Structures are given as structure tokens and as C-alpha cells.
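To start, the structure under review is shown below, and the notes come after it.
Protein chains: 2
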Amino acid sequence: MNNHSSAEQQFLKEYDVNQYLRPSVTVDLLLFTVVDKETDNYRKRSDKALKILLIKRKDHPFQGQWALPGGFVSAHESIDEAAIRVLEKETNVSDVYLEQLYTWGDIGRDPRTRVISCSYMALINSDLYPVQPGAGAEDAKWFHVQDQWTQKKTTVTDNGFMTEKWVELRLTNDSDRAQATVKITKTVENGHSKVTQEIVDSQNLAFDHAKMVLYALERLRNKVDYTDIAFHLLPEYFALSDLQQVFEVILGKELLAAAFRRKIADKVLETNHIRRSAGHRPAKLYKYNPNWDDEL
Amino acid sequence: MNNHSSAEQQFLKEYDVNQYLRPSVTVDLLLFTVVDKETDNYRKRSDKALKILLIKRKDHPFQGQWALPGGFVSAHESIDEAAIRVLEKETNVSDVYLEQLYTWGDIGRDPRTRVISCSYMALINSDLYPVQPGAGAEDAKWFHVQDQWTQKKTTVTDNGFMTEKWVELRLTNDSDRAQATVKITKTVENGHSKVTQEIVDSQNLAFDHAKMVLYALERLRNKVDYTDIAFHLLPEYFALSDLQQVFEVILGKELLAAAFRRKIADKVLETNHIRRSAGHRPAKLYKYNPNWDDEL
DNA sequence: CCAAAAGTGTTCTCTATACACCCATGA
DNA sequence: TCATGGGTGTATAGAGAACACTTTTGG
Numbered sequence: 001m002n003n004h005s006s007a008e009q010q011f012l013k014e015y016d017v018n019q020y021l022r023p024s025v026t027v028d029l030l031l032f033t034v035v036d037k038e039t040d041n042y043r044k045r046s047d048k049a050l051k052i053l054l055i056k057r058k059d060h061p062f063q064g065q066w067a068l069p070g071g072f073v074s075a076h077e078s079i080d081e082a083a084i085r086v087l088e089k090e091t092n093v094s095d096v097y098l099e100q101l102y103t104w105g106d107i108g109r110d111p112r113t114r115v116i117s118c119s120y121m122a123l124i125n126s127d128l129y130p131v132q133p134g135a136g137a138e139d140a141k142w143f144h145v146q147d148q149w150t151q152k153k154t155t156v157t158d159n160g161f162m163t164e165k166w167v168e169l170r171l172t173n174d175s176d177r178a179q180a181t182v183k184i185t186k187t188v189e190n191g192h193s194k195v196t197q198e199i200v201d202s203q204n205l206a207f208d209h210a211k212m213v214l215y216a217l218e219r220l221r222n223k224v225d226y227t228d229i230a231f232h233l234l235p236e237y238f239a240l241s242d243l244q245q246v247f248e249v250i251l252g253k254e255l256l257a258a259a260f261r262r263k264i265a266d267k268v269l270e271t272n273h274i275r276r277s278a279g280h281r282p283a284k285l286y287k288y289n290p291n292w293d294d295e296l
Numbered sequence: 001m002n003n004h005s006s007a008e009q010q011f012l013k014e015y016d017v018n019q020y021l022r023p024s025v026t027v028d029l030l031l032f033t034v035v036d037k038e039t040d041n042y043r044k045r046s047d048k049a050l051k052i053l054l055i056k057r058k059d060h061p062f063q064g065q066w067a068l069p070g071g072f073v074s075a076h077e078s079i080d081e082a083a084i085r086v087l088e089k090e091t092n093v094s095d096v097y098l099e100q101l102y103t104w105g106d107i108g109r110d111p112r113t114r115v116i117s118c119s120y121m122a123l124i125n126s127d128l129y130p131v132q133p134g135a136g137a138e139d140a141k142w143f144h145v146q147d148q149w150t151q152k153k154t155t156v157t158d159n160g161f162m163t164e165k166w167v168e169l170r171l172t173n174d175s176d177r178a179q180a181t182v183k184i185t186k187t188v189e190n191g192h193s194k195v196t197q198e199i200v201d202s203q204n205l206a207f208d209h210a211k212m213v214l215y216a217l218e219r220l221r222n223k224v225d226y227t228d229i230a231f232h233l234l235p236e237y238f239a240l241s242d243l244q245q246v247f248e249v250i251l252g253k254e255l256l257a258a259a260f261r262r263k264i265a266d267k268v269l270e271t272n273h274i275r276r277s278a279g280h281r282p283a284k285l286y287k288y289n290p291n292w293d294d295e296l
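Keeping their order, the protein sequence lines are chains A and B.
Residue 93 in UniProt numbering sits at position 93 of the first sequence, with consecutive numbering throughout.
Residue 55 in UniProt numbering sits at position 55 of the second sequence, with consecutive numbering throughout.
Right under this line is the structure:
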């Protein structure tokens, strides 16, 4: 123990002499859910929308703007534990899907001091958790997530080329709106490709959170097909059309029902439950099949 | 400016009062390459092997054991910049593929003090860079990477089940050997799945670096099919069988040549170059086609 | 000559796509 | 009744697996 603590002191002394970084570390949560949009026609199935939770900042900097919920990592917990704690504070739930995404460490990303933020994606089912959390007396609201590219430009350089793509992110609800434009630059030179992101415009959205949201959307889209993450957005029992809507909302495109049913057939289990809807044939309810990836 | 710096002071004061974390932050590099193994038969094509660079630790803790090259992030650089700098120190190169993988923040992972490590994967071409870097007077060596699961166990619980998988990681070269066993636990309860990793045994391999290596291998395997990362491991001109060997070494299984050629056809461009090998038909050389993902 | 790799063609299977079609419901 | 979604069948096209086969080389 003596040996150990002297090693620690030695380390800390050398570390500080060399002026290395001692940043503040936060976790930022990308809390997604899928909710039904109300419909007029009694026959029509309600559409779904992908939503993300944002919190209105009370303090400087970015005061009054919207930001991802987050919190500082304390000395007594791992980063994962911090993410779980912050999530519980915001939603009062602990048993949800949580995944580390990316760590953001640019120098000027927080104007106060050097802050490194580790972003986590959480997927919750809107039926189980209140859609308007408002926990901690903070102004928290769900925002409808929409993203779309608005411009693409390719330039040929000496020994390669460069493609710039402008992506517009819109986060909206009944009364609020935050939006940003991010320029994604892909350069290819001598066979090496590199991708960089830059926020060219951010309205009402704090810090570099636009990048975080876009990164999370990309991860979500990449993983939805070959993992089980979509089920975390649904209740235990669901119709296949619900599952299909979740896929459609994440992927941002319509799918054919027949093909979709076949594709996810071995990820679900049929149950005896039936949902009697309105104005059309009732739907059998299914549940998640946790053994779907049992090949070996 | 005055306003800004007072906000900074305010922030720092509150931050320290609350005893939040101010960790040391490092970047750890997973530097992969693929090298030819020498062969006896003049006809036989040389096999390839996946290698990773490790450094022998000179100091406590884990003195004398092997570890991933890494370094502290300074206050004057982003995490990405730190990764580039550390990579350049180890290999004397700057223009290579580099990708952030995961951030490791468990409390006890460094026995000296709280250290958060951000792992980056770099892929370099063994033809261009010396296989024995030895830069910085450190004892650095390439290790052959092998991993394989040795045991699987599934237990049914109250409302779900748990699958434990033991994975053995072996890192070897002519004279050295490091190895570790990691237990990967997947629990499914109430439809929620969760995965945790635990190092059950680590011989000659420092810190939690066994987890980092396994994580990188998984990422590599997932991405090799639908991205262009494999080309970073090859020289500018290569035969299709070289590319196939890189895929085989990463995926850990043999592929059929005919199917492979068709699959990667639009990722490569034919050139006029020809490699006259030994004892068999010469191979046309190809190069990377940077426009391969031009859909829409 | 001949072992080994380079490279092409063919067959079979599986999957995704597209679309047609029937079923069941409740205002 | 009928608009609407639930659910199934079928034809087509493309991708991947398996394998046969030809080409080309250097010792």
C-alpha cells in the first residue's frame, strides 16, 4: 500500500509538472423515443415520430437555448454509471438500453473551460415513461427529429477529391424549435479517406450538440437492421406494423409490409394477444425473441 | 471577455466544490497492420498475419508487461490531435487511417489515479512503415493477433437468461507472448439485453488493454465488409488475392476467390501493372476506387 | 512437366423487391 | 358498404456459395 501510494504521488507530480490535461468530464444523453402522432380519420393508423429529449438551458453559456441532458462524472463512479445516474434523474427509469457513442474533445467546445463529453444513446419506450418528464424542475421537452441533406459538392484536388455535404437538422415541437446545419467533409487523397464535421450554423441548439445528434442518428440507422435496438422503443407486446413504423421512422423511408414481415420473422415471437383497432382487421401482437441470433 | 472569464471562474468554483471528476486523459492506440509470413515453397503464396503494436512498460504499474502505445492529452490539443501526435511519435507517419473507438472510464482501471482512456484504431500499410519502429527508445514490437472463444454457457433466469462467453486473446511474436481471457456476459431480462465485459485473466498484458483489443477486433470485423478500411492495410497497388488475404485475416475465415472477386469488384480499379510472382500465373494489380459508394 | 495461383463461367439457393390478392373491421 | 390496415402468396431479379474449369507461370 505504501508502495502504491508513493507511485501515485510520483505519477501525479510528473503529470502536473508536464501541464497535462485535467478536464471536466460530462456525459451527454441522446434519449430517443418513438411516439404516436394523433390522427383525424378513425380508420387511419396513427403515424409515428422519432423524438429526442432536450433541456432548456437556464445558465450561461447558451442561456435559453436547448441542449442534450447531461451531467458531470463524479470521482466515485465510472462513466457508464454516470450515464445511468443522469438518465435516472431525467426519466426516473433505470432499466433501459444504453450505449456509449462517441467522446467529444475539441478544445473550444465549451466556452467556459475544457470539457470532454462522452455521449450515450438511450432508447426508451414512450408507453412506459412519461412523455413530458420535467424532472428536476428543468424545462425538458421531446422534440421531433428530422434531418436531411440540402447540398452536395464535389471538388477534384491534386491527388484525390473532396466531397462536402450540408446536412440540416431540425428539432421541433408544438412551441419550440432548434435547428442546425452541419457540413460533413470527406476528403480522399492518395487512397486515404478522412471525414470531418463542422457546425456551420446552430440556432437555439447549444454547444456541439448538433453533431452529437447526427452521429447518434447514423449509429441508430446502421444498427437497426442487424441488432435488436428497435424493440427497446416498443412495449412488450406490439403489432408488426408498429415495429415496421419504428424502422421507417429511424430509416426515414417507407418499407413494404410483406418483405418487412419476412425479414424480422425470426426476431419476434407470436403471442395470443390481439389488438382490436378501429375500422380494420385486428392485429396479432408479437413480442421480442431474445434467441433470434442463435447461430453458432 | 470580462464576462466570459467571470463565467469561467464561477463554473470552476462550483465544479470543484462539488468534487466532480478531473481525471487524467490518455489516448491509447490500436495500431494494426498486416504482414507477410515467410514461406518455404517457392510456389506457395506467402500467408498474411494481422499484427498489433505493443510497447514494453518500463515503469510501475505493470512494469515489464506489454501495453498499447498511448499518451496523455495535453491542454492545448483536441483528443483527435493527441491521437495523431502519439501515432506520429510511434510510427513517424501522419497520413494514416485513424478512428475513435471507445472511451474507457472504470474507476480502478489505472491503479495510480483516475485515468480515462480514449481508444483509437489506426491502420497502416506494413510496406510503407518499418515493422520494427522502436521510436522513442521504447521497446516496441509487432504481435500476431489471435482470438478465439473457448467456452459458452447459457443460464435461464427468472425472466430471461444469461449467456457467458469466454474469449481468449493471444498476442505473440518470435520472443514474446501476452495473453488474456475476457468473459463477455450478455443478459436478457424483460426484453432488455445488456452486455458486459470482464477480464478474468491477463498475463503480460497491462491495464484493461485486452478489452480494448477485443473491442477493436470486433469493430474491424464489422466494418471491413461495408467500408473501405481494408485498403488502408495494403499498398497502393495490390493483387486481388492480397485484398482477399486481408479480409481473411481480419474475419478469421477462408473465403472463396470467385465470390470474393465479384463482391469487391466495384471497390477496386484495374491498372496496367502486373506482378510477376513465382511459379504461377502473374496477377493483375488493382488500386482502390474512391468512388465506390457513389449511389444517388 | 506440374504445382500453385489467377481468373472465368455455371448452377443453385437464398433474399429482397414488387405487386396482386384476400381477410376483418367498425363507423 | 367500404376505406383501411392485416396478412399471405407468387414471380422476378440480384447476391452469395459451391464448384468446375481454363490460363499462366517458373523451377
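We put the CB at the ideal spot given by N, CA and C, even for glycine.
As the structure is a computational prediction, the values presented were derived from the model and not from experiment.
Inset, instruction - Answer yes or no: does any C-beta atom of chain B fall closer than 7 Å to that of residue 67 (chain A)? - result: no
Legend entry - chain B contact for residue 14 (chain A) (CB, 7 Å cutoff): no
Inset, instruction - Report the rounded CA-to-CA distance for residue 114 (chain A) versus residue 59 (chain A), giving the unit in angstroms. - result: 17 Å
Inset, instruction - State the beta-bridge partners of residue 178 (chain B) as determined by DSSP. - result: B:171
Legend entry - Backbone secondary structure at residue 129 (chain A) - three-state DSSP: coil
Inset, instruction - Could you list which residues in chain B have their beta carbon closer than 7 Å to that of residue 25 (chain A), in chain order? - result: 21, 23, 116
Inset, instruction - Look up residue 222 (chain B) in the DSSP assignment and say whether it is helix, strand or coil. - result: helix
Legend entry - For residue 155 (chain A), three-class secondary structure by DSSP: strand
Legend entry - Beta carbon of residue 27 (chain B) nearer than 7 Å to that of residue 83 (chain B): yes
Inset, instruction - Count the other CB atoms, across all protein chains shown, that sit within 10 Å of the CB of residue 33 (chain B); report buried if there are 16 or more and exposed otherwise. - result: buried
Legend entry - First through last residue of the beta strand (DSSP E) which encompasses residue 261 (chain B): Note, residue 261 (chain B): premise wrong, no beta strand (DSSP E); alpha helix (DSSP H) at 257-263.
Legend entry - Residue nearest to residue 37 (chain A) in terms of C-alpha spacing, selected from A:126, A:97, A:294: A:126
Legend entry - Listed by chain order, chain B residues near residue 288 (chain A) by CB distance under 8 Å: 191
Inset, instruction - Provide the residue span of the beta strand (DSSP E) that contains residue 82 (chain B), from first to last. - result: Careful: residue 82 (chain B) lies outside any beta strand (DSSP E), inside the alpha helix (DSSP H) at 79-91.
Inset, instruction - Taking a Cβ distance cut-off of 8 Å, strictly less, list which residues of the region 223-239 of chain A are near chain B, in chain order. - result: 228, 231, 232, 236
Legend entry - Contact list for residue 353 (chain B) against chain A, beta-carbon separation under 9 Å: With chain B covering 1 to 296 only, the question about residue 353 (chain B) has no answer from this structure.
Inset, instruction - Using a threshold of 7 Å, state whether the C-beta atoms of residue 186 (chain B) and residue 163 (chain B) are closer than that. - result: yes
Legend entry - Per-residue contacts from residue 60 (chain A) into chain B (C-beta, under 7 Å): 7
Legend entry - Residue burial classification, residue 156 (chain A) (beta-carbon count within 10 angstroms, cutoff 16): exposed
Inset, instruction - Just the C-alpha distance for residue 239 (chain B) and residue 97 (chain B), rounded to the nearest angstrom, thanks. - result: 21 Å
Inset, instruction - Check each candidate in A:46, A:180, A:219, A:112 and name the one with the smallest Cα separation from residue 6 (chain B). - result: A:112
Inset, instruction - Mind checking who residue 6 (chain B) pairs with in its DSSP beta bridge? - result: In the DSSP output, where bridge partners are listed per residue, residue 6 (chain B) has none listed.
Inset, instruction - Please check if any C-beta of chain B sits within less than 7 Å of the C-beta of residue 106 (chain A). - result: yes
Inset, instruction - Starting from residue 72 (chain B), find everything on chain A with Cβ-Cβ shorter than 8 Å and list it in chain order. - result: 15, 18, 20, 21
Legend entry - Cβ of residue 78 (chain B) within 7 Å of any chain A Cβ: yes
Inset, instruction - Count the C-beta pairs between the region 70-80 of chain A and the region 262-271 of chain A that are closer than 8 Å, then say yes if the count reaches three, no if not. - result: no
Legend entry - Nearest to residue 259 (chain A) (by Cα), restricted to the options A:244, A:273, A:250: A:244
Legend entry - Where residue 102 (chain A) meets chain B, residues with beta-carbon distance less than 8 Å: 100
Legend entry - Residues bridged to residue 239 (chain B) (per DSSP): B:285
Inset, instruction - Kindly give me the distance between the Cβ atoms of residue 143 (chain A) and residue 54 (chain A), rounded to whole angstroms, as I take these residues to be in contact under 8 Å. - result: 5 Å
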